[in-house]
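Residue numbers are given in my numbering: position 266 of the sequence shown equals residue 266, and the series is strictly consecutive.
Yeah, the Cβ is synthetic: ideal placement off N, Cα and C, and Gly gets one too.
The model shown is predicted, which means the values in this text are computed figures rather than measured ones.
One structure is given below, encoded as structure tokens.
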Amino acid sequence: MKLSGSLVKQDIYHMIKYHWKQLLGVGILVGFLLFLLNIFIGISSYTNSFSDTLRDKLGIYFYIKETPETQDITYKKIIDLQNDLQKKGLKVMFSSKDDAMKFLENKLPEISKNFEEFGMENPLPATLYVMFTSHKEYELLKTTILQYKDIILNVKDISEGKTIQEQENRILNIIDINNLIVVLSVIIVLFLIMVIFTFLGYQTSFMFQYLKKNIEIKNLLGGSYFDIIKEFVTLNISTLAIGFTLCLGLLLLSWSTLGVSLYELFNIGLLDIFAQSNIGYVFLGFILEIILFVLFTMIFSYYIVRNLKK
Numbered sequence: 001m002k003l004s005g006s007l008v009k010q011d012i013y014h015m016i017k018y019h020w021k022q023l024l025g026v027g028i029l030v031g032f033l034l035f036l037l038n039i040f041i042g043i044s045s046y047t048n049s050f051s052d053t054l055r056d057k058l059g060i061y062f063y064i065k066e067t068p069e070t071q072d073i074t075y076k077k078i079i080d081l082q083n084d085l086q087k088k089g090l091k092v093m094f095s096s097k098d099d100a101m102k103f104l105e106n107k108l109p110e111i112s113k114n115f116e117e118f119g120m121e122n123p124l125p126a127t128l129y130v131m132f133t134s135h136k137e138y139e140l141l142k143t144t145i146l147q148y149k150d151i152i153l154n155v156k157d158i159s160e161g162k163t164i165q166e167q168e169n170r171i172l173n174i175i176d177i178n179n180l181i182v183v184l185s186v187i188i189v190l191f192l193i194m195v196i197f198t199f200l201g202y203q204t205s206f207m208f209q210y211l212k213k214n215i216e217i218k219n220l221l222g223g224s225y226f227d228i229i230k231e232f233v234t235l236n237i238s239t240l241a242i243g244f245t246l247c248l249g250l251l252l253l254s255w256s257t258l259g260v261s262l263y264e265l266f267n268i269g270l271l272d273i274f275a276q277s278n279i280g281y282v283f284l285g286f287i288l289e290i291i292l293f294v295l296f297t298m299i300f301s302y303y304i305v306r307n308l309k310k
């Protein structure tokens, strides 16, 4: 038997009229929890991608030995060295003396004046940064670099085999820390989901107690599970709507305020994290969250009504 929609609307009206403060309060709490949930999901996602980036950027700096008299010959050898390394599949980045000075001046604007005071011209060497992803590529790098050792200032680093171990240890330590952050973020995300479930469950239980007599009447009239639980689901969806609206507002506010502080501290902002994410995945994540919490309210409401019908 299908119940009249007016009965359901009446129950919803009474809940909103007499308990709107509680519904609003739960909605605000859920909103803050959803905000934290999405922040930690973003941290986990960004940290994981950062670890992958670190793995891709394992490399060694080689400082170029040059004098004004041999500059042309040296740069010809650098071009040959770059070509040899690239032919073997290695990524190479070259910075000249001027490039190195410009980079340093961007970080320390007064540095060139300090050099002039001591009668020094640009003391920075040209630099070759070679990236590798495996021991096989490292061996290719080592073999090739040693053929040009006459123009490399720090050739001992690679000939003694120390740099690869130092690089690996440094990168692996950072990756371990990042993995720990990812694990902790996932644990916090799961905890926050359980807390949101608890608030929604509490609200559903409260509504059940408040509308218990009405539900019993509907049960006697032969109302279906759907007829009875849809008022629970409707009110919980309203609460979630408040929560997700607040969550989006806080996220937008964070990108414009908190993001500035993060950028000053870590040279990265929430907007940068968002920009590096696929916009489609971001919206898909929100949709999945909505589906998850709506399904929970439906299942929990069904469980309560089912026990009543026994």
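| query | result |
| --- | --- |
| For G65, three-class secondary structure by DSSP | In the sequence as displayed, the identity of residue 65 is Lys instead of Gly. Reduced to three states, the DSSP call for K65 is coil. |
| Beta-carbon gap between T239 and G27 smaller than 8 Å | yes |
| Between the CA atoms of L24 and T245 - distance to the nearest angstrom | 12 Å |
| Start-to-end residues for the alpha helix (DSSP H) that takes in F94 | F94 -> not in any alpha helix (DSSP H); beta strand (DSSP E) instead, spanning K91 to S95. |
| Counted within 10 angstroms of its Cβ, other Cβ atoms place F208 as buried (16 or more) or exposed | buried |
| Residue span of the alpha helix (DSSP H) that contains Y75, given as start and end | Q71 to K87 |
| Supposed close pair F132, L90 - CB separation, criterion 8 Å | 6 Å |
| Start-to-end residues for the alpha helix (DSSP H) that takes in N114 | I111 to E117 |
| Whole-number beta carbon distance between V92 and L140, since they are thought to touch under 8 Å | No, L140 and V92 are not in contact; Cβ-Cβ is about 12 Å, not under 8 Å. |
| Residues bridged to Y129 (per DSSP) | Y61 and M93 |
| Sequence-distant residues of the same chain with beta carbon closer than 8 Å to T176, five excluded per side | A small correction: the amino acid at residue 176 is Asp; Thr does not occupy that position in the sequence shown. Closer than 8 Å at the Cβ level, and outside the excluded window around D176, lies no residue. |
| CB-CB length for T144 against L85, believed under 8 Å | 6 Å |
| Buried/exposed call for Y202, threshold 16 Cβ in 10 Å | exposed |
| Of the residues F40, L180, T234 and P123, the one placed nearest A100, counting alpha carbons only | P123 |
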